[in-house]
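Okay, structure first, notes after.
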Amino acid sequence: MQPRCLEEASQVCLSGCCPSPILGFSEPLNKNSKPRSTTATCRQNFATTTTSSIFPNIHFTNPESLPSLQESFNGLIKVYPQYLDTYQVDQIRAQEYNHLALSNHACLDYIGIGLFSYAQLQKHDSEKQILPSTASPQNMHIPFFSVSYKTGNLKTQLLHGGQESALESAMKKRIMSFLNISENDYSMVFTANRTSAFKLLAESYPFKTNRKLLTVYDYESEAVEAMINSSEKKGAQVESAEFSWPRLRIQSAKLRKMVERKGKKKKKTGLFVFPLHSRMTGARYPYLWMSIAKENGWHILIDACALGPKDMDSFGLSLIRPDFLICSFYKIFGENPSGFGCLFIKKSTVPP
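Numbered by my numbering, the letters in the sequence shown go through residues 1446 to 1797 in order.
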């Protein structure tokens, strides 16, 4: 029986990039062999069939018999004519991100930080050079805007509001519109950074009545540690999800045991802190965990700081409707100014 992934690959190539069937897919697999559908198997079969399609019935015995790069590329285009559809992307990379080719090394991470293009870096440098010659050295690193600190009670500010500048009000509307968050349902508070947002929520959350704090992180986070320290001072019982090595998958049975209440009696539980995906492995966590936690009386905090711009406006906030949401703009502005963050609080969560 042919593995499902190979069947799908065959259908895609037959109907799309390949003018003729790729050699190897038309041959039935050994019926006695066990079906394999791993990613490694698919990659291996793809490489084998591609090679046999470009150079059919040719067996290379030594390096001197290998064809030239141009000849190999021409053969690849014949087999995959749609490969040239990425030409525009290649041009953008060559023109705007040519600095990525300065090294033979590449680093892949799942933190979600967007890359600044060469043109953006040049424009920023030129704007700094336009500063008046009389400018002092301290003014040579002027940020886009400055962060000022406000004192006051979070609950009071949420219920009665506070003084806002026109810029601050405009930024709030722009951010909430981008994230598809309704001002009728959520209040928004600017914080100096991601850590400040976690700490502010921990200091304001009623751990005296909702005593538990449950986090789901496969790495040590400065922001989460700040929340844990603040919550423990208020008497919170802190628990963390466990992960299996080496793939760092959530140990589902243990987490479910932590989330679900014992007995049928309804009681207040606590705060469930849930990142949408791992910064270590890039794995996306099932939204089902938030549904289970909500059914068992937990308040839900979504950590959206690892999301990229394409994810942040389409991760289904209206379906999840968390009690709290934290996002950071460090990935957009870097440390200028200090990677400010936002804390969103559902209005129905705030007691009168």
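Each residue gets a CB set at the ideal place from its N, CA and C atoms; glycine is no exception.
{"Query": "What residues are listed by DSSP as bridge partners for residue 1631?", "Result": "1791"}
{"Query": "In the DSSP assignment, find the alpha helix (DSSP H) that holds residue 1487 and state where it starts and stops.", "Result": "1484 to 1499"}
{"Query": "Just the Cα atoms here: how many angstroms apart are residue 1677 and residue 1719?", "Result": "19 Å"}
{"Query": "Please say whether residue 1653 and residue 1617 have beta carbons closer to each other than 9 Å?", "Result": "no"}
{"Query": "Leaving out the 5 sequence neighbours to the left and right, which residues in its chain are closer than 7 Å to residue 1643 when beta-carbon positions are compared?", "Result": "1668, 1669, 1671, 1672 and 1771"}
{"Query": "Do you know how far the Cα of residue 1521 is from the Cα of residue 1462?", "Result": "With a pLDDT of only 40 at residue 1462, under 50, the local geometry of the prediction cannot be trusted, and the value read off the model is given with reservation. In a straight line, the C-alpha of residue 1462 is about 11 Å away from that of residue 1521."}
{"Query": "Look up residue 1666 in the DSSP assignment and say whether it is helix, strand or coil.", "Result": "coil"}
{"Query": "Out of 1514, 1538 and 1549, which one is the CA nearest neighbour of residue 1561?", "Result": "1538"}
{"Query": "Roughly how far, in whole angstroms, is the beta-carbon of residue 1786 from the beta-carbon of residue 1774, given that I think they are within contact range, below 8 Å?", "Result": "7 Å"}
{"Query": "Check residue 1509 in the structure and name its three-state DSSP category.", "Result": "helix"}
{"Query": "Could you tell me the distance, in whole angstroms, from the CA atom of residue 1742 to the CA atom of residue 1684?", "Result": "16 Å"}
{"Query": "Out of 1499, 1525, 1626 and 1524, state which residue places its alpha-carbon closest to the alpha-carbon of residue 1513.", "Result": "1499"}
{"Query": "Work out the CA separation of residue 1546 and residue 1534 for me, nearest whole Å.", "Result": "15 Å"}
{"Query": "Would the beta-carbon of residue 1752 fall within 9 Å of that of residue 1646?", "Result": "no"}
{"Query": "Taking all protein chains shown into account, do 16 or more other C-beta atoms lie within 10 angstroms of the C-beta of residue 1504, making it buried, or fewer, making it exposed?", "Result": "exposed"}
{"Query": "Would DSSP call residue 1720 helix, strand or coil?", "Result": "strand"}
{"Query": "Specify the secondary structure class of residue 1652 as computed by DSSP and reduced to three states.", "Result": "coil"}
{"Query": "So residue 1517 is in the beta strand (DSSP E); what residue range does that whole segment cover?", "Result": "Segment 1514 to 1524 is the alpha helix (DSSP H) holding residue 1517; no beta strand (DSSP E) there."}
{"Query": "Tell me which residues share the same chain as residue 1729 and place their Cβ nearer than 7 Å to its Cβ, disregarding the 5 neighbours each side in the sequence.", "Result": "1721 and 1722"}
{"Query": "On the DSSP letters alone, give me the boundaries of the beta strand (DSSP E) that residue 1683 sits inside.", "Result": "1682 to 1685"}
{"Query": "Just to confirm my understanding: we take residue 1599, look at its own chain, exclude 5 residues before and 5 after, and list those with CB closer than 6 Å. What are they?", "Result": "1649"}
{"Query": "Which whole-angstrom value describes the C-beta separation of residue 1739 and residue 1630, a residue pair presumed to lie in contact below a C-beta threshold of 8 Å?", "Result": "Contact flag wrong, Cβ pair sits at about 16 Å."}
{"Query": "Classify residue 1544 as helix, strand or coil using the three-state DSSP reduction.", "Result": "helix"}
{"Query": "Buried or exposed for residue 1727, please, with buried defined as at least 16 other CB atoms from any protein chain shown within 10 angstroms of its CB.", "Result": "exposed"}
{"Query": "DSSP puts residue 1726 in a beta bridge; with which residues?", "Result": "The partner list for residue 1726 (beta bridge, DSSP) is empty, contrary to what the question assumes."}
{"Query": "Nearer than 8 Å: is that true of the beta carbon of residue 1568 relative to any heavy atom of the ligand GDP?", "Result": "The ligand GDP is absent from the structure shown, which contains no ligand whatsoever."}
{"Query": "Please state whether DSSP places residue 1714 in a helix, a strand or coil.", "Result": "coil"}
{"Query": "Would the beta-carbon of residue 1762 fall within 9 Å of that of residue 1626?", "Result": "yes"}
{"Query": "Thinking C-beta only, is residue 1699 closer than 9 Å to residue 1682?", "Result": "no"}
{"Query": "From which residue to which residue does the beta strand (DSSP E) around residue 1745 run?", "Result": "1744 to 1748"}
{"Query": "Could you compute how far the alpha carbon of residue 1660 sits from the alpha carbon of residue 1486?", "Result": "36 Å"}
{"Query": "From which residue to which residue does the alpha helix (DSSP H) around residue 1657 run?", "Result": "Element bounds for residue 1657: not the alpha helix (DSSP H) but the beta strand (DSSP E), 1657 to 1660."}
{"Query": "Measuring alpha carbon to alpha carbon, tell me which of 1788, 1735 and 1790 ends up nearest residue 1764.", "Result": "1735"}
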